[in-house]
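Before any comments, here is the structure.
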Amino acid sequence: MEHVNGEIFVVTGGGQGHLHPCIELCTRLTARNFNTTLVIPDRGIETPFEPPWSVPAILPQSFIQNPLTSFLYITPSSALPHVADQFRQEAISQLMFRITDHITSDSTPPIICAIVDIQMEWTKDIFAKCNILVVTFVSFGACAASMMSCVMELKAAAEKFETGEQNKIIKGLPVEISITPEDYRRFDREVFAGLTPPEDPNFDPTPFSEPPEPGNLPRWFMAINDTIGIMYNTWEGLEKPFLNYIAAELKIYMPDWNVPIWDVGPLLPETYWDSANDSSLIRGRQPQRLSNHSEEEVLAWLDSKGQDEVLYIAFGSDVGPEMVEYSHIAKALEHSCISFIWVIPPLAGIPKESRGPGGFYPEDLALKVGKRGLVIYG
């Protein structure tokens, strides 16, 4: 067996949108002869931070059977950094035990660093206590991160939209990119990458809207502080202006913090590339949910449309619009002239804290738009 270069801990956030990129990141690291330990906030138990309807963390067999990979399940807890409830304490103990056991073992390679999903920033302190370097990982692209950063700065500076003002241009980004009043309002509940204040009327939101000045940084700068670099699940050819924008922001607010920004994406599974010429849209895996349209029906509908004619609409499994926002999207599509595919997951528009069934589905939209649109539920 070839010499192993060292061990790297990869801490994923909750949800499939965080887990899958981290699995692929581990796979790429093992290809470079690093051992990896994937830390997953999923213990198969119900906590306030893991609703009973959430999709369990399912690991591919190829990952489980890789001799250079291992994994650790820890108790899900709040994404907030300073929490002292029983779930956080359990998670800290589980992670600390694993790290200590690794360090004291004579048969394991040295820990090179930890790559921590920004949603799991609270784990940085654990690695720091063990003198382990930390790299921040952002599982989504730099475009979303740039717009989030801009909105947070506007809020921190108490800069609001004037009556009738439709958008605000983001200095440093292409002129096509702007912030709308809806973007501004939305961030009242979605601060950054899952770092949302809890639904508690007594919670003090002040730390989430501090003025963006040196020593009093915006929320997301606090999340990446004390790390040796930032990884984004994107690539320069796609999002160069946004990567440059983030680098410029760091120079303004953290001038002494000279760390690299790496574009490490797209972090897609190997089966995606292996089946690039496959006729299946699902790319190397079987569908995991029932749907009201088969793959064949979707292909036939797409074949009836021209190139660059179709708008595809879908939101993540962890963060999505509210019920009223879904209704606005439906109305906009109804009155537009564009061809579209709209994928609506189960429980769409239902808040995480709600345990009841239901979800948004525009039953009459398909009838109103006819063959112009395809509404897929599932």
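For the sequence shown, the residue numbers in full-length UniProt numbering are 1 to 378.
Every residue gets a Cβ at the ideal spot worked out from N, C-alpha and C, and that includes glycine.
Keep in mind it's a predicted model, so treat the numbers as computed, not measured.
Relative to the alpha-carbon of residue i, which residue among the options has its alpha-carbon at the smallest distance?
i	options	result
S327	I228, K368, M96 and P362	P362
E153	E249, P109 and W301	E249
I341	E309, P321 and T163	E309
W262	L19, N35, P255 and W235	W235
K171	C130, I111 and P241	P241
R88	C150, T123 and G359	T123
N33	G17, M222 and H3	H3
L374	V175, G358, A330 and N5	A330
K371	M147, G359, Y73 and E334	E334
I224	T27, W257, V10 and A314	W257
M148	T108, F221, Q94 and E296	F221
G378	P346, G358, F360 and D364	P346
T344	G359, S336 and P351	Going by the sequence as given, residue 344 is Ile instead of Thr. When only C-alpha atoms are compared, the closest one is G359.
L31	H18, V10, P60 and N66	It is worth fixing the name first, because residue 31 is Ala in this sequence and not Leu. Measuring from the Cα of A31, the nearest candidate turns out to be N66.
T108	E162, E296 and N35	N35
Pop quiz: residue i and residue j are said to be a contact at Cβ under 8 Å. What is the actual Cβ separation, rounded to whole angstroms?
i	j	result
C22	T37	Contact doesn't hold; Cβ gap of about 11 Å is too wide.
Y232	G265	7 Å
I246	A144	Contact doesn't hold; Cβ gap of about 11 Å is too wide.
I115	I8	6 Å
A91	I112	Not confirmed; about 23 Å, so no contact.
I169	V138	In fact, because the Cβ distance is near 24 Å, the residues do not count as touching under 8 Å.
Could you check the C-alpha separation between residue i and residue j for me, to the nearest Å?
i	j	result
I376	G349	15 Å
I126	L268	29 Å
E210	K155	Reliability of the predicted coordinates at E210 is poor, the pLDDT of 44 falling under 50, and the value obtained from them is presented with this limitation in mind. The alpha-carbon atoms of E210 and K155 are separated by roughly 9 Å.
I103	L29	20 Å
I132	T180	41 Å
L68	V324	47 Å
D42	F71	11 Å
E121	P76	13 Å
E322	E182	12 Å
I58	E24	13 Å
V39	L302	40 Å
S339	A128	51 Å
L299	G320	26 Å
P110	I230	22 Å
V369	G306	17 Å
C150	G141	15 Å
E165	Q16	37 Å
S62	E159	50 Å
D106	T100	12 Å
L173	Q86	43 Å
G6	D226	22 Å
L238	I177	15 Å
A366	R185	29 Å
G14	V175	34 Å
V135	N244	19 Å
D364	V259	52 Å
C130	I64	27 Å
N167	A332	18 Å
F315	H20	16 Å
residue 435	P60	The structure shown has nothing for residue 435, since the chain only spans 1 to 378.
S336	Y253	42 Å
S93	A84	12 Å
F97	E162	53 Å
E296	H18	29 Å
E10	S304	Here the sequence assigns Val to residue 10, which means Glu is not the residue at that position. In a straight line, the C-alpha of V10 is about 44 Å away from that of S304.
Y272	P255	40 Å
Pull up the DSSP beta-bridge partners for residue i, would you.
i	result
residue 385	In the structure as shown, the chain starts at 1 and stops at 378, and residue 385 therefore has no counterpart that could be examined.
W262	M231
K168	I179
I313	W342
C113	I8
Y73	I40
Could you spell out the range, first to last residue, of the alpha helix (DSSP H) harbouring residue i?
i	result
residue 414	Nothing about residue 414 can be read from this structure; the chain reaches only from 1 to 378.
D101	Q86 to T104
residue 381	The structure shown does not extend to residue 381, since the chain is modelled only from 1 to 378, so the question has no answer here.
F127	K124 to K129
L333	M323 to H335
D303	E295 to D303
Could you spell out where the beta strand (DSSP E) holding residue i opens and where it closes?
i	result
Y377	G373 to Y377
Y361	Note, Y361: premise wrong, no beta strand (DSSP E); not H, not E.
N137	First, the amino acid is wrong: residue 137 is Phe here, not Asn. Run containing F137: V134 to V138, per the beta strand (DSSP E) assignment.
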